[in-house]
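Participant:
Number of protein chains: 2
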Amino acid sequence: MHFIGIDLEGVLVPEIWQTLAKKINIKELELTTKDIPNYQNLMKNRIKVLKRENIKAKELFEIAKNINPYKGAEKFLSEIRKNHQVIILSDTFFNLSRPIFKKLNFPTVFCHHLEVDKDGMISGVNRCATDHKKKVIRFMNNLSSNTIAIGDSYNDLAMLKEANLGILFKSTKEIISKNPNFFNCETYKVLLDTINKNHKEWSNRYVK
Amino acid sequence: MHFIGIDLEGVLVPEIWQTLAKKINIKELELTTKDIPNYQNLMKNRIKVLKRENIKAKELFEIAKNINPYKGAEKFLSEIRKNHQVIILSDTFFNLSRPIFKKLNFPTVFCHHLEVDKDGMISGVNRCATDHKKKVIRFMNNLSSNTIAIGDSYNDLAMLKEANLGILFKSTKEIISKNPNFFNCETYKVLLDTINKNHKEWSNRYVK
Chain A
155 MHFIGIDLEG
165 VLVPEIWQTL
175 AKKINIKELE
185 LTTKDIPNYQ
195 NLMKNRIKVL
205 KRENIKAKEL
215 FEIAKNINPY
225 KGAEKFLSEI
235 RKNHQVIILS
245 DTFFNLSRPI
255 FKKLNFPTVF
265 CHHLEVDKDG
275 MISGVNRCAT
285 DHKKKVIRFM
295 NNLSSNTIAI
305 GDSYNDLAML
315 KEANLGILFK
325 STKEIISKNP
335 NFFNCETYKV
345 LLDTINKNHK
355 EWSNRYVK
Chain Z
155 MHFIGIDLEG
165 VLVPEIWQTL
175 AKKINIKELE
185 LTTKDIPNYQ
195 NLMKNRIKVL
205 KRENIKAKEL
215 FEIAKNINPY
225 KGAEKFLSEI
235 RKNHQVIILS
245 DTFFNLSRPI
255 FKKLNFPTVF
265 CHHLEVDKDG
275 MISGVNRCAT
285 DHKKKVIRFM
295 NNLSSNTIAI
305 GDSYNDLAML
315 KEANLGILFK
325 STKEIISKNP
335 NFFNCETYKV
345 LLDTINKNHK
355 EWSNRYVK
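First to last, the protein sequences are chains A and Z.
Quick note on the working numbering: the first sequence kicks off at 155 and runs consecutively.
Quick note on the working numbering: the second sequence kicks off at 155 and runs consecutively.
1) Are the stretch 163–173 of chain A and the stretch 300–317 of chain A touching, with three or more C-beta to C-beta distances below 8 angstroms?
2) Can you check whether the C-beta of residue 172 (chain Z) is within less than 8 angstroms of a C-beta belonging to chain A?
3) Tell me which residue opens and which closes the alpha helix (DSSP H) that residue 286 (chain A) is part of.
4) If we count the other Cβ atoms within 10 Å of its Cβ and call it buried at 16 or more, is residue 340 (chain Z) buried or exposed?
5) Cα-Cα, which of Z:345, Z:173, Z:206 is closest to residue 184 (chain Z)?
6) Please check if any C-beta of chain Z sits within less than 8 angstroms of the C-beta of residue 293 (chain A).
7) Would you mind sorting residue 370 (chain A) into buried or exposed? The rule is 16 or more other CB atoms within 10 Å of its CB.
8) Determine the closest residue to residue 248 (chain Z) out of Z:261, Z:238, Z:200, Z:236, with distance taken between C-alpha atoms.
9) What do you get for residue 161 (chain A), buried or exposed, if any count of 16 or more other CB atoms within 10 angstroms of its CB means buried?
10) So what's residue 203 (chain A) in DSSP terms, helix, strand or just coil?
11) Which residue or residues does DSSP assign as beta-bridge partners of residue 304 (chain Z)?
12) Using a Cβ-Cβ cut-off of less than 7 angstroms, give me the residues of the stretch 291–318 of chain A that come near chain Z, in sequence order.
13) Candidates Z:342, Z:291, Z:347: which alpha carbon is nearest residue 227 (chain Z)'s?
14) Using the C-alpha atoms, what's the distance from residue 358 (chain Z) back to residue 295 (chain A)?
15) Is residue 243 (chain Z) closer than 8 angstroms to residue 290 (chain Z) when the C-beta atoms are compared?
16) Classify residue 115 (chain Z) as helix, strand or coil using the three-state DSSP reduction.
17) Does residue 238 (chain Z) come out as helix, strand or coil in the three-state DSSP assignment?
18) Measuring only the C-alpha atoms, how far is residue 245 (chain Z) from residue 265 (chain Z)?
19) Report yes or no: is there a C-beta of chain A within less than 8 angstroms of the C-beta of residue 205 (chain Z)?
20) Considering only their Cβ atoms, is the gap separating residue 238 (chain A) from residue 158 (chain A) smaller than 8 angstroms?
21) Rounded to whole angstroms, what is the Cα-Cα separation between residue 362 (chain Z) and residue 192 (chain A)?
22) Once the 5 residues before and after residue 253 (chain A) are set aside, which same chain residues still bring their CB inside 7 angstroms of it?
23) Below 7 angstroms on C-beta distance, what does residue 236 (chain A) contact in chain Z?
24) Using the beta-carbon of each residue, which ones in chain A are nearer than 8 angstroms to residue 240 (chain Z)?
25) Assign residue 352 (chain A) to buried or exposed, taking buried as 16 or more other Cβ atoms, counted over all protein chains shown, within 10 Å of its Cβ.
26) Could you check the C-alpha separation between residue 229 (chain Z) and residue 194 (chain A) for me, to the nearest Å?
27) Please return the same chain residues whose Cβ sits closer than 8 angstroms to the Cβ of residue 197 (chain Z), not counting the five positions on each side in sequence.
28) Tell me the residue span of the beta strand (DSSP E) that contains residue 269 (chain Z).
29) Which residues share a DSSP beta bridge with residue 167 (chain Z)?
Put into C-alpha cells, the structure is as follows:
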C-alpha cells in the first residue's frame, strides 16, 4: 500500500486561528505553539479569551466557512488520492474545519473536536490521542505500507521522521536548515512530481 | 472523532472474484474462503488457475472496470463521509479494484496489492498486515474515536467485535443468528439511520 499522511494548516489551507483572530480583531488569538509551546495551555488560553470577549462557537464556525484552501490544494489532493491512501493528520477541530473539508471533497481526517457547552461557548477540547500524527505513520508502516509524510512545522517533524519519505512543504528557513534529511519544496507541482517518482519506484518493486 | 471501518465486497459492491469468474467462465475461480478457508492458499489456487488458463492480469483488470457499486452505495458512502472519518477495510487488491474506488469517489482504502510479473501474469500478493480490519478498529479506539464497523461475512466479525458498534449488513441467516449482539440490516436507509442515531448520541456527549 502507498500511504500519505498530510498536515492541513500551512500545507493545504491557511492557519485557521490566525485567520479567525484577524477577522474578529483579537490579537491574543493569533498566538500559536510558537508563543505558547504547550498545546493544552494554548487552547486553555484561547477558550479564556473567547469567554472574556463573549464570542460564541457559532460565530467562529461562521467565519471558518469563508476560509478557502490554498489555490491548487483541492486539485493536488484529488490527484494523490487516485494512487495513494491519504489521511489528513491535523491539530485542527472537525466541527470548526468541516466546511473546509467539504471544499477538499471530504478526505479522511484525523483531528480533534471542540466541546461546546449549553450556552454555545467553547468549553473544552476532545482530543485525538497525543502524537496522533506520528502514531498513524508508525501504524501504517506496520500495515506494510510505503509511507510519505508531508508537513510544514515543528509539530510535523516526528511524523516526517517516522515515514519512509518525509517532505517539508512551505516550511521556514530554520526548520529546513535544521532538517537536511527531508526533501523540501514550495509548490504543489514539485510536491506531486516527488510523490509520483516515489510511487513509480515503489510500484516497480511489486514486479518480481 | 467518529470513525467508520467498512467492508467493500458484499457491502458496497458485488463479490469481485465471483464476478470475474463468471465473465471468463472458469468455475474454479468462484471459490471463496468458504471453500478454501486459508486465504493464502485460496490466492495461490487462483494464481495457479490463471497461469494454467494463460489469463493475464490486464484481462482481469479490464473486466473489473465494468463492475459497478450496488445501487445507492456511492450516495450512502458520500453521506457518511460528511460526518465521519471513513476507511474501507477490505481483502481486495488496489490495482484490481481501482476503477471501483473511482466510482466511489476515491475513499481511503486499506487493502492488498496484486503482484504482476514481467510477462503480465499475476505472480503473488503484496499483503496488508494480517487482520488489518481488526487492527485498524483497535487503533482507532486508541485514537479516542467512537468506532463503527460494518461488514457482511466471517472475516468481518473480528472488527465488528472490536468496534463500539458492530453492524452486519446483508449478511447470512447463519451469521446473524450466531451473532445476536450485532445490529443487522439490509438497506442503506436503515444503515444510515442507525449511524446517524449513534452520531447524534455521541455528539451530545461533547456538550459538557
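Note that CB positions come from ideal geometry on N, CA and C, so glycine has one too.
Quick caveat: nothing in here was measured; it's all calculated off a predicted structure.
Facilitator: Taking the structure as given:
1) yes
2) Answer no: the Cβ-Cβ gap between residue 172 (chain Z) and chain A never drops below 8 angstroms.
3) 286–296
4) When all chains shown are included, residue 340 (chain Z) counts as exposed.
5) Z:173
6) yes
7) This structure cannot settle anything about residue 370 (chain A), because the visible part of chain A is limited to 155 through 362.
8) Closest by alpha carbon: Z:261.
9) buried
10) helix
11) The partner list for residue 304 (chain Z) (beta bridge, DSSP) reads Z:160, Z:321.
12) 293, 296, 297, 298
13) Z:342
14) So the alpha carbons of these two residues sit roughly 35 angstroms apart.
15) yes
16) Nothing in the structure corresponds to residue 115 (chain Z), since chain Z is present only between 155 and 362.
17) coil
18) 5 angstroms
19) no
20) yes
21) Unreliable positioning characterises residue 362 (chain Z) in this predicted model, as indicated by a pLDDT of 48, which lies under 50. The coordinate reading is nonetheless provided below. About 23 angstroms.
22) 218, 219
23) 260
24) Ordered by position in chain A, the residues that pass the 8 angstroms Cβ test against residue 240 (chain Z) are 262.
25) buried
26) 38 angstroms
27) 279
28) Segment 262–270, the beta strand (DSSP E) holding residue 269 (chain Z).
29) Z:163
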